[in-house]
Amino acid sequence: MDDEDMYVQERACEIFGFHQYVPARDKLRTIAETGMHNGKLAAKRALEKIRAKTKERKV
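Just so you know, our numbering puts 19 at position 7 of the sequence shown, and the rest follows in order with no gaps.
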């Protein structure tokens, strides 16, 4: 996710979101705030998927 290519950053975020990989939350938050455009959007989507999984577990 630290790659300078915005497409690589975007794809890494998409993969973490698809697998709902909770340990990546902090890094995804950082990218959502300071990443490149594609990475920011992908990180926000990944965080939404992870939040949905977390809510699902609580119910």
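Note that CB positions come from ideal geometry on N, CA and C, so glycine has one too.
Classification of residue i by the beta-carbon crowding that lies within 10 angstroms, buried from 16 upward
{"i": "Ala64", "result": "exposed"}
{"i": "Glu60", "result": "exposed"}
{"i": "Glu22", "result": "buried"}
Residues near residue i in its chain [Cβ-Cβ closer than 6 Å; skip 5 each side]
{"i": "Ala44", "result": "Lys52, Ala55, Lys56"}
Expected contact under 8 Å - CB spacing of residue i and residue j to nearest Å
{"i": "His58", "j": "Glu26", "result": "Note on identity: in this sequence residue 58 is Ala, with His being the wrong assignment. Confirmed, Cβ separation roughly 7 Å."}
Cβ shell of residue i (< 7 Å), same chain only, five flanking positions each side left out
{"i": "Phe28", "result": "Ala36, Leu40, Ala58"}
{"i": "Tyr19", "result": "Asn50"}
Extent of the continuous alpha helix (DSSP H) to which residue i belongs
{"i": "His49", "result": "49-70"}
{"i": "Met18", "result": "18-30"}
{"i": "Asp38", "result": "37-46"}
Cβ-based neighbour list, residue i, same chain, cut-off 8 Å, excluding 5 preceding and 5 following
{"i": "His31", "result": "none"}
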